[in-house]
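Have a look at the structure below, then the notes.
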Amino acid sequence: MENLKNTLKVISFDVDGTLVDSEYNDLIWFKEIPELIAKKKKINFEKSVKYVSEEYTKLGEYNLNWYDINYWIAYFGLKVSPKKILEKYESQVKIFPEVIPLLEELKKNFILIVITAMPREFLVPKMKKLKKYFKFSFSALSDFKELKNSEIYSKISKTLNVCPEQILHIGDHWEFDYLSAQKAGMNAIYLDRSNTKKGKFIIHNLGEVKKIIEGINQ
Ligand SMILES: [Mg+2]
């Protein structure tokens, strides 16, 4: 009975906003980068934040470069290594409190993976305390040069040699996590930490994941 097509084998997690909060990213994009630019251009910090925010918005999250720290360092003409920036705030990475207990439980019965939109180097500081739980990690940008669209979810399921129906993906982006994974045939859960949407596969806290898994596996 174990090989039933609808038996879950793999649980996949988004990283930012799902396993770790966005504060670390915000420190990079809205503190460190504008600080470096303020110094370079000899403008004040507030002005610099306004400038970088406008530049980020202009490009937008549908452009791959938006996620790429190397792109922005070059774009703003900064002379700093991405590694140095990423390491600077490593101690500020905050894992949501429900994460470790959930992973401890899930690792007994499932293969756990992460799928992030961000470049691979962003995973390093965030996954320091988490990587032991995950068998594979995928970066849409570094591994596929794409956004988290349905094709990359299909490619990942092929890479793992597991049918999409046996994978459950959990993430906090309506389109890039929930709709894209669903379109690829996976089970998908939308994590809505702001508690505004309701539905069968919508949760507000990762603690609700186990109940949904039981439902899928029935
Ligand atoms: Mg996310």
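Residue numbers for the sequence shown follow my numbering, so the first one is 913 and each next one is one higher. Quick reminder that beta carbons are idealized off the backbone N, C-alpha and C, glycines included. Just so we're clear, the structure is a prediction, and the values are computed from it rather than from any experiment.
query, result
"Heavy atoms of ligand 1 versus C-beta positions, residues under 7 Å", "Asp-926, Val-927, Asp-928, Gly-929, Thr-930, Gly-1083, Asp-1084, His-1085 and Asp-1089"
"Host beta strand (DSSP E) of Phe-1048 (start-end)", "1048-1051"
"Chain-order list of residues whose beta-carbon lies under 6 Å from that of Val-1005 (same chain, five-residue window excluded)", "Val-932, Tyr-936, Pro-1037 and Lys-1038"
"Inter-residue Cα distance where the pair is Lys-954 and Glu-1010", "43 Å"
"When Ile-1114, Asp-1055, Glu-973 and Phe-988 are compared against Glu-944, the one with the closest alpha-carbon", "Phe-988"
"Per-residue DSSP class, three states only, for Ile-955", "coil"
"Buried/exposed call for Asn-1099, threshold 16 Cβ in 10 Å", "buried"
"Whole-angstrom distance between Ala-1052 and Asn-956, CA atom to CA atom", "35 Å"
"Close-in-space but distant-in-sequence residues of the same chain around Asn-1117 (CB under 7 Å, 5 per side omitted)", "Glu-1010"
"Proximity below 8 Å, CB of Phe-1046 to CB of Leu-1024", "yes"
"Between the CA atoms of Pro-994 and Tyr-1001 - distance to the nearest angstrom", "12 Å"
"Cutoff 8 Å; reference Glu-999; Cβ partners in own chain excluding five residues on either side", "Pro-1037"
"Proximity of Gln-1094 and Val-922 at Cβ, strictly below 8 Å", "no"
"Contacts around Glu-947, its chain only, beta-carbon distance under 8 Å, and the 5 residues preceding and following it disregarded", "Phe-957 and Ser-960"
"Buried versus exposed, by CB contacts within 10 Å (16 or more), Lys-1123", "exposed"
"Cβ neighbours of Tyr-1090 in the same chain (closer than 6 Å, five flanking residues each side left out)", "Ala-1100 and Tyr-1102"
"Identity of the residues DSSP links to His-1081 by a beta bridge", "Ser-924 and Ala-1100"
"Three-state class that DSSP yields for Thr-969 in the structure shown", "helix"
"Local Cβ density within 10 Å of Trp-984, reported as buried at 16 or more and exposed below that", "buried"
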